[in-house]
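Below is one structure, written out as structure tokens; the observations come after it.
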Ligand SMILES: Cc1cc2nc3c(=O)[nH]c(=O)nc-3n(C[C@H](O)[C@H](O)[C@H](O)COP(=O)(O)OP(=O)(O)OC[C@H]3O[C@@H](n4cnc5c(N)ncnc54)[C@H](O)[C@@H]3O)c2cc1C
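Numbering (this note's numbering), first residue to last: 258 to 651.
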């Protein structure tokens, strides 16, 4: 059987297949040699961002009329997986998908055009600032405030864990325009330029993995934004981000699966070469079954995730539950596969001479952000219960 990652997805057209090959070549020949240093230094090289930009990766999700490539979510997932095979950091630095999805969902007319063109502009990095020190899974409890003042809004508060915080040019920031009691209905979304007075980075996090992706705590101190930078309607922000997650959760799963594929490949090759008891360890059934289970898990995650992406591309009404299933299952299997890859390498898996310990550290975050996997299961259970209640009434 060929390695599953070598099989070109049958649904890609000829142009997309060539594009995938180009991204793969970049990831495996140019990016991969830099990965250990990115992990050590915590810095992602600007030159690599420039190359990814020249490949058109920044504007992938942006519709053609706003200067982008209008790629299907399926193709975006393929790209995310290919980059993550080298390093998930590349997939996150380059991905403006959540911001794009938010603008497409919330903004209309000139506002959408202006910001989508900005997203598609070379070297424009984006970030989404929803979480706060006391508001993670319970995102409807955020306390950052946006108060209307004439033609402006004035924003105050603290935002935590912002991916690309510190390097992004353009942020989508969530703040409360209603009362705390309004919960989700009181939250609005604003576009914000990184150099807006009053907006600053307070702290860069020192993380276990995904090093090279900056994660920042940001402060909003009397940040004055013209009301035109509100996207959508006042109070619509929470709804917009939850709907945008339906598009980005399959992408997040694909990034995790890209790491998992890389870990499985390292484990397979190592099992051929490492000899104990006079033979290659890959000849022991105990390890063969472990490797087979890793491959089964990977393919199950991949199949579910691409199905979730396909449903988004078809405009299906069932995207929320599939996106949550893909995100939780895809990232759970990636964590298991990377952990098992360390096991296959034994002691050598536990040290930095081999890349699997980094892959295991990198994989962990995917079970946590974009809604933890407990929260995903809560969403799935909620949707199942809603179906059951309707059926019971019928
Ligand atoms: C590296 C990194 C990058 C991030 N990037 C961004 C970003 O770009 N933008 C952004 O806005 N945020 C970002 N986040 C924040 C991320 O989305 C949150 O960390 C995540 O939503 C969890 O929130 P929390 O950390 O406060 O954990 P908590 O919400 O405190 O959860 C702690 C534990 O309790 C569990 N739990 C909580 N509530 C429930 C429940 N109802 N049922 C069952 N279990 C529950 C959780 O699953 C988890 O295991 C990032 C975080 C990290 C670490």
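The beta-carbon is built from N, C-alpha and C at its ideal position, and this holds for glycine as well.
C-alpha distance - residue 309 paired with residue 452, whole-angstrom precision: Using only the alpha carbons, I get a separation of about 24 Å.
If contacts are defined as beta-carbon pairs under 8 Å, then residue 417 and residue 388 qualify, I think. What distance do you get, rounded to the angstrom? The C-beta distance from residue 417 to residue 388 rounds to 5 Å, short enough to fall under 8 Å.
Contact check, residue 521 vs residue 551 under 8 Å by CB: the rounded distance? With a beta-carbon spacing of about 5 Å, residue 521 and residue 551 fall inside the 8 Å limit used to define contacts.
When we look at the beta-carbon of residue 585 and count the other beta-carbons within 10 Å, is it buried (16 or more) or exposed? The C-beta of residue 585 has 16 or more other C-beta atoms within 10 Å across all chains shown, which makes the residue buried.
Return yes when the C-beta of residue 509 is under 6 Å from any heavy atom of ligand 1, and no when it is not. Outside the cutoff, so no.
Supposed close pair residue 312, residue 325 - CB separation, criterion 8 Å: In fact, because the Cβ distance is near 13 Å, the residues do not count as touching under 8 Å.
In three-state terms, what does DSSP make of residue 413? Residue state, collapsed to three classes: strand.
So residue 456 and residue 480 are supposed to be a Cβ contact under 8 Å. How far apart are they, rounded? Contact holds; Cβ gap of about 5 Å.
Selected residue, minimal CA-CA separation from residue 546, among 562, 579, 598, 570: Out of 562, 579, 598, 570, 598 has the C-alpha closest to the C-alpha of residue 546.
Is residue 612 closer than 7 Å to residue 565 when the C-beta atoms are compared? No.
Grab me the residues of residue 400's own chain with a C-beta within less than 8 Å of its C-beta, minus the 5 sequence neighbours each way, in chain order. Closer than 8 Å at Cβ, skipping near neighbours: 389, 391, 392, 414, 433, 437.
Helix, strand or coil for residue 268 per DSSP? Under the three-state reduction of DSSP output, residue 268 falls in the coil class, being neither helix nor strand.
For ligand 1, any of its heavy atoms closer than 6 Å to the Cβ of residue 624? Answer for residue 624: no, Cβ out of range of ligand 1.
Nearer than 6 Å: is that true of the beta carbon of residue 346 relative to any heavy atom of ligand 1? Remark: the shortest separation between the CB of residue 346 and any heavy atom of ligand 1 does not fall under 6 Å.
For the alpha helix (DSSP H) containing residue 450, name the first residue and the last one. Note, residue 450: premise wrong, no alpha helix (DSSP H); beta strand (DSSP E) at 444-450.
Residue 604: buried (16+ other C-beta within 10 angstroms of its C-beta) or exposed? Counting the other CB atoms within 10 Å of its CB gives residue 604 a total below 16, which places it among the exposed residues.
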